[in-house]
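These notes are about the structure you will find just below.
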Amino acid sequence: MDLLQKLDETNSLTKEEIVRLLKNMTAEKKEKLFDLALKTRTRYYGNRVFMRGLIEISNYCRRNCLYCGIRGMNANAERYRLSESEILECCQDGYNLGYRTFVLQSGEDMWYTKEILVGLVTRIKQLFPDAAVTLSIGERDIATYDALYKAGADRFLLRHETASRELYEKLHPGMSYDDRMGILRKLKQIGYQVGAGFMVGLPGQKEEHLAEDLLFLKEFQPEMIGIGPFIPHSETPLKEEKGGTVEDTLVLVAFSRLLVPEALIPATTALGTLSPTGREQALMAGANVVMPNLTPTLFREKYDLYENKICTGDEPAHCRSCIERRINSTGSIVDLGRGDNVRFIPEK
Ligand code: 5AD
Ligand code: FES
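Note that UniProt numbering has the sequence shown beginning at 1, numbered continuously upward.
This is the structure:
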């Protein structure tokens with residue numbers, strides 16, 4: 001059977017089959033792949049695309065991921081941290097714009113203790129009981145994840161970054177592949193809707209590594225999957241490296257949709273950064289989430305994970321309408337609801 005047909009009908013492929021497909025992608029096969037991915041997305045979620053309000057609460061980070069512009073050792077990064085009242089104001093602005101999911105993202109900033117975070121999540125859920133809270137704050141101890149879930153946090157994003165142990169260890173000095181994978185499993189057990197994901201075009205990354213990423217997703221069945229191109233940042237050890245392409249990233253987005261059909265998959269900002277139509281193309285290749293920025297513009301450009309990040313000068317209301325226009329241009333409609341995974345029946 002044709003491999004694309006097999007992927008579409010069984011939602012699975014072997015590692016060898018994935019590698020073979022990735023190595024022999026033609027324009028025609030891509031068109032077919034994207035078409036199948038979009039059909040699958042439509043089967044599970046209709047033509048709705050979900051919006052999340054992203055708040056980048058701090059760019060302090062104790063880690064030193066080789067690719068990341070806010071790595072602790074980047075002495076030229078201008079650090080900022082939002083206070084609880086500033087974060088609540090962002091949520092209020094987002095709520096007024098219609099958002100019913102807030103994504104709080106930061107570097108691994110230990111200034112936010114378990115107690116501070118629990119207080120923050122509790123307050124957000126009190127003020128906005130019909131909104132979902134997604135955390136994207138990196139590695140913490142299990143007691144913190146537990147306490148935050150009990151405080152009302154609904155979802156947790158923690159990209160696995162790469163499923164190759166060898167690549168993972170090269171890119172993340174002082175971090176452990178087993179810890180990362182262990183935490184992802186634990187987050188699921190606790191009850192979070194969990195987001196995993198990876199970068200495309202990392203130095204040394206081959207088709208075999210990408211096949212491992214896809215098979216990890218297939219096995220782990222995350223509720224959310226974030227995939228973006230690696231974009232070199234001038235203040236990092238990987239500044240001279242090549243970086244990923246929109247084309248390659250779209251192929252992996254489409255594969256992910258077909259391997260994990262119910263997943264919520266964002267059209268990532270990194271894709272929008274590499275091409276003015278990157279996010280629209282991702283929506284046409286199976287993505288069904290966008291994450292407009294709610295961070296106050298004063299801080300936005302400081303949250304520079306990678307070079308030339310888009311929207312850094314734009315007000316939340318501007319992003320809101322810009323993205324709605326983009327979604328509509330792909331033939332989809334905006335869904336401002338919480339946008340839970342179809343597989344997920346919240347216990348709360
Ligand atoms: N290029 C692209 N994506 C990056 N991220 C971090 N640094 C970069 C970069 N230079 C991604 C990581 C992280 C997410 C928040 O941003 O995958 O999990
Ligand atoms: Fe902070 Fe990478 S340096 S997450």
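Here a beta-carbon is modelled for each residue, glycine too, at the ideal position from N, C-alpha and C.
- The nearest non-hydrogen atom of ligand 1 is 7 angstroms or more from the C-beta of CYS311.
- Less than 8 angstroms divides the Cβ of LYS29 from the Cβ of LEU4.
- Assignment of beta strand (DSSP E) within the stretch 74-119, counting only whole runs of 3 or more residues, yields 101-106 in chain order.
- For a cut-off of 8 angstroms, the C-beta gap from VAL289 to ILE327 is around 10 angstroms, too long to register as a contact.
- For ASP179, the enclosing alpha helix (DSSP H) stretches over residues 177-190.
- For HIS233, the distance from the CB to the nearest heavy atom of ligand 1 is below 7 angstroms.
- In the three-state reduction of the DSSP assignment, SER234 falls in the coil class, being assigned neither a helical nor a strand state.
- Going by DSSP, SER329 is part of the alpha helix (DSSP H) stretching over 316-329.
- With fewer than 16 other Cβ atoms from the protein chains shown falling within 10 Å of its own Cβ, THR10 counts as exposed.
- When DSSP states are grouped into helix, strand and coil, PHE216 belongs to the helix group.
- Between PRO203 and LEU238, the C-beta gap is smaller than 8 angstroms, which places the two residues in contact.
- By the neighbour-count definition (other C-beta atoms within 10 Å, threshold 16), ARG71 is a buried residue.
- As computed with DSSP, GLY226 is found in a beta bridge with GLY197.
- Closest by C-alpha distance to ALA143, out of GLU324, ILE190 and GLN281, is ILE190.
- The beta carbon of ASP248 is closer than 8 angstroms to those of VAL200, GLY201 and PRO229 in its chain, skipping five residues each way along the sequence.
- Spanning the alpha carbons of GLU307 and GLY244 requires a straight line of approximately 13 angstroms.
- With a 10 Å radius around the Cβ and a threshold of 16 neighbouring Cβ atoms, SER234 comes out exposed.
- Note that the C-beta distance between ALA270 and ILE231 is below 8 angstroms.
- For GLY69, the shortest C-beta to heavy atom distance toward ligand 1 is below 7 angstroms.
- With the rule of 3 Cβ pairs closer than 8 angstroms, the stretch 64-83 does not count as touching the stretch 114-127.
- Rounded to the nearest whole angstrom, the C-alpha separation of MET73 and LYS6 is 46 angstroms.
- In this structure, TYR177 has its CB at a distance of at least 7 angstroms from all heavy atoms of ligand 1.
- Within 10 angstroms of the beta-carbon of LEU187 lie 16 or more other beta-carbons, which makes it buried.
- Excluding its 5 nearest sequence neighbours in each direction, THR312 has C-beta neighbours in its own chain below 7 angstroms: ARG300 and GLU301, listed in chain order.
- Straight-line measurement puts the Cα of ALA196 at about 16 angstroms from the Cα of LEU104.
- With fewer than 16 other beta carbons inside 10 angstroms of its own, THR26 counts as exposed.
- Here ILE57 is buried: its Cβ has 16 or more other Cβ atoms, across all protein chains shown, within 10 Å.
- Collapsing the DSSP output to three states places ALA27 in a helix.
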